[in-house]
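Since the structure comes first, as structure tokens, the remarks are kept for the end.
Residue numbers (the working numbering): 51 to 636.
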């Protein structure tokens, strides 16, 4: 993650242009004119604490489930995109299930109790069957590597497992940027060292997190700048000729100032000698620690810079060349490079990178967030999914995260197929990951679990291809408009996936701002609505309509009755708070 703060899958540029055309209306604060009266929010609490043993599963791997108690007349229902694939009675606190062997599939598991003919959702969770976690990255972080017990590390990772986190960024685990893992005179790793802010790092803690994570099918990525040099000394083997400079006479080294701690000098990523040097240091990391890959970072736009010989350096092209050579050197490792405020993202995504990672700074509104995802989809030719490092409640210094801000941002990001880097030992709110001043309230934590269940269970609709479109949706109860959002309206995001028309309804009725960062924690809850009348124009016969929402019944899917009349269907949506997903099957 960048130390500095600097200042969808959609086919074609039409949708991107449409976003730009509509951007002038995104601050519209017109009140909602619909006649529907908001109701109280639906409160869902899991009666049975349903958990599984790992974050994700390889094809053919068994899933071990546990619940805290057993309720009579309860069934376990396993669904793929709203369709039951298996069901069985709940007769034990612990049981196993082997999902279908198909790769890259998400499943929803529902515990359903029948009382007087009525079905009650007692608990839900999701299952991701994927041989490669980077297909659907759900990225988390770790930032403290001091003296920790195995039980403490296990507790942290088990919590992240329950959110289906399948990859972890080990932030500031290293010593010097140009010598990430210090070795003794015999070539063995030191037992401890300090990071650039003089925090102690324990080798046993780093090793312990990697090993415990692998037991839970969570991959580990070591963090390091691709061009950072920290306090080089005689004997390091580093040469000044590898740096970049602010002048043509190599008098002024380009560096990032950390004030009393020192300066990070910036190496030239195009320099082949620097590449060979840092690749050799990276090989020492892999030789001694079982990391799955390298999370590379940069420092954003460095302005006009020069190499030692006075030639201007194109850093963006340097990223491209560096990544290609890095992949050639370590073909079996995972690589991702942070595009700080999208700097160099086009060049980054033209390489064999495993997923897109964007640290968002200047894009401040919800529509801006989605523009980042769309840019990444276009730049990668829709080959990779996006993780956004978007820091909410950034200027707060104490207290709690603002629940509406977090859920609204996640609803928007997830609906467009992205993921949000936010969960680790604590919840993330700044670019310096150890910062831990804000509290994650229980209400928000419970809701986030449902959101991550939802993103995982329905990954094949959210993150597995498809074409965004502009459906014709109207309502007698609410004011609706196609994306981007308008305050007081419900924004509709349409997508065609596997012969299904998806309608994401994102509720901006009642919110106080369209600014996702919510520095002043001013965002408010959207108004919840029940039994909303929705009309959708269709161009072929509809066979089935169903709905699911992370805000309702734990994300369990519910088939809906509909009326069809001359190219239009009418349905009654049971609930809308932040986000509801309607699926129309042809």
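Yeah, the Cβ is synthetic: ideal placement off N, Cα and C, and Gly gets one too.
Please read these numbers as outputs of a predicted model, since none were measured by experiment.
Inset, instruction - Under 8 Å by Cβ, that's how I've got residue 443 and residue 569 pegged, so tell me the actual separation to the nearest angstrom. - result: Between residue 443 and residue 569 a beta carbon distance of about 7 Å is seen, short of the 8 Å cut, so the two are scored as contacting.
Report the rounded CA-to-CA distance for residue 9 versus residue 511, giving the unit in angstroms.
Only positions 51 to 636 of the chain appear in this structure, which leaves residue 9 out of reach.
Can residue 448 and residue 486 be called in contact, C-beta distance under 7 Å? In this structure, residue 486 does not lie closer than 7 Å to residue 448 by Cβ.
- Message: Check whether the segment 435-442 and the segment 538-556 touch, using three or more Cβ-Cβ pairs below 8 Å as the test.
- Response: Because the criterion of three Cβ pairs below 8 Å is not met, the segment 435-442 and the segment 538-556 do not touch.
Next on the checklist: For the alpha helix (DSSP H) containing residue 456, name the first residue and the last one.
Outcome noted: Unbroken alpha helix (DSSP H) run through residue 456: 453-465.
Note to self: Classify residue 666: buried if its beta carbon has 16 or more other beta carbons within 10 angstroms, exposed otherwise.
What the structure shows: Residue coverage of the chain in this structure runs from 51 to 636, which leaves residue 666 outside it and unanswerable.
*asked:* Within 8 Å, do at least three Cβ pairs link the segment 548-562 to the segment 626-636?
replied: The segment 626-636 is in contact with the segment 548-562.
Quiz item: Going by C-alpha distance, which of 248, 213, 368 is nearest residue 400?
Solution: Looking at the Cα atoms, 368 is the closest of the given residues.
Quick check on residue 216: buried or exposed, where buried means 16 or more other Cβ atoms within 10 Å of its Cβ?
With 16 or more Cβ atoms within 10 Å of its Cβ, residue 216 is classed as buried.
query = At which residues does the alpha helix (DSSP H) containing residue 295 begin and terminate?
reply = It is not in any alpha helix (DSSP H) - residue 295 carries neither H nor E in the DSSP assignment.
Pull up the distance between the alpha-carbon of residue 288 and that of residue 282, whole angstroms please. Between the alpha carbons of residue 288 and residue 282 lies a gap of roughly 7 Å.
| request: Could you name the residues of the same chain whose beta carbon sits closer than 7 Å to that of residue 311, not counting the 5 residues immediately before and after it, in chain order? | output: The beta carbon of residue 311 lies closer than 7 Å to those of 246, 247 in the same chain, with the five residues before and after it left out.
- Message: Three Cβ pairs or more, each shorter than 8 Å: is that satisfied between the segment 467-475 and the segment 598-614?
- Response: These segments do not touch.
_Pick from 111, 143, 405, 573 that is closest to residue 179, judged by C-alpha positions_ = For the set 111, 143, 405, 573, the Cα lying nearest the Cα of residue 179 is the one of 111.
task: May I ask you to report which of helix, strand or coil DSSP gives residue 272?
output: Residue 272 falls in the strand class under three-state DSSP.
How many Å lie between residue 117 and residue 499 at the Cα?
Taking the straight line joining both Cα atoms gives about 16 Å.
(Q) Is the beta carbon of residue 273 closer than 7 Å to that of residue 227? (A) No.
Can residue 279 and residue 315 be called in contact, C-beta distance under 7 Å?
-> In contact: residue 279 and residue 315 (Cβ atoms closer than 7 Å).
Segment contact flag, the segment 489-504 with the segment 580-594, C-beta cutoff 8 Å, min 3 pairs: Put simply, the segment 489-504 does not touch the segment 580-594. Fewer than three CB pairs are less than 8 Å apart.
Secondary structure of residue 108, DSSP reduced to three states
Three-state result, residue 108: coil.
*By DSSP, does residue 598 sit in helix, in strand, or in coil?*
Looking at residue 598 - three-state DSSP - the assignment turns out to be strand.
message: On the criterion of 16 or more Cβ atoms from any shown chain inside 10 Å, does residue 503 qualify as buried, or is it exposed?
response: The C-beta of residue 503 has 16 or more other C-beta atoms within 10 Å across all chains shown, which makes the residue buried.
Secondary structure of residue 603, DSSP reduced to three states: The answer is helix: DSSP assigns residue 603 an H, G or I state.
ask   = Out of curiosity, what's the CA-to-CA distance linking residue 457 and residue 604?
value = In a straight line, the C-alpha of residue 457 is about 14 Å away from that of residue 604.
Would you kindly check if the distance between the Cβ of residue 469 and the Cβ of residue 187 is under 7 Å? Cβ distance < 7 Å, so residue 187 and residue 469 count as in contact.
Check: Tell me which same chain residues have a C-beta within less than 6 Å of the C-beta of residue 159, skipping the five on either side of it?
Finding: So the qualifying residues of the chain are 128, 175.
Does the distance from the CB of residue 543 to the CB of residue 530 come in under 7 Å?
-> Contact: no.
Here's the rule I'm using: 16 or more other beta-carbon atoms within 10 Å means buried, otherwise exposed. How should residue 205 be labelled? Exposed, since its Cβ has fewer than 16 Cβ neighbours within 10 Å.
Exercise for the section: Drop a sphere of 10 angstroms on the beta-carbon of residue 405, count the other beta-carbons inside from all chains shown, and report buried for 16 or more, exposed for fewer. Expected result: Classified as buried, residue 405 has 16 or more neighbouring CB atoms from the shown chains inside 10 Å of its CB.
Between the C-alpha atoms of residue 374 and residue 122, what's the straight-line distance to the nearest angstrom? Cα-Cα distance, rounded: 58 Å.
(request) Express the C-alpha separation of residue 587 and residue 613 in angstroms, rounding to a whole number. (result) Those two C-alpha atoms are separated by around 12 Å.
Report task. Would you check if the segment 258-276 and the segment 325-341 touch, i.e. whether three or more CB-CB distances between them fall below 8 Å? Result -> Yes, they touch.
_Taking 7 Å as the threshold (C-beta atoms), are residue 173 and residue 96 in contact?_
Yes; because the gap between Cβ atoms is below 7 Å, this pair is in contact.
Are residue 506 and residue 264 closer than 7 Å when you measure CB to CB? Not in contact: residue 506 and residue 264 (Cβ atoms no closer than 7 Å).
Going by beta carbon distance, what residues of the same chain come within less than 7 Å of residue 193, once the five residues before and after it are set aside?
Taking residue 193 as the centre and dropping the five residues before and after it, the same chain places the C-beta of 221, 222, 474, 475, 483, 484 closer than 7 Å to its C-beta, in chain order.
Report yes if the CB atom of residue 181 is closer than 7 Å to the CB atom of residue 218, and no otherwise. No, these two residues do not count as a Cβ contact at 7 Å.
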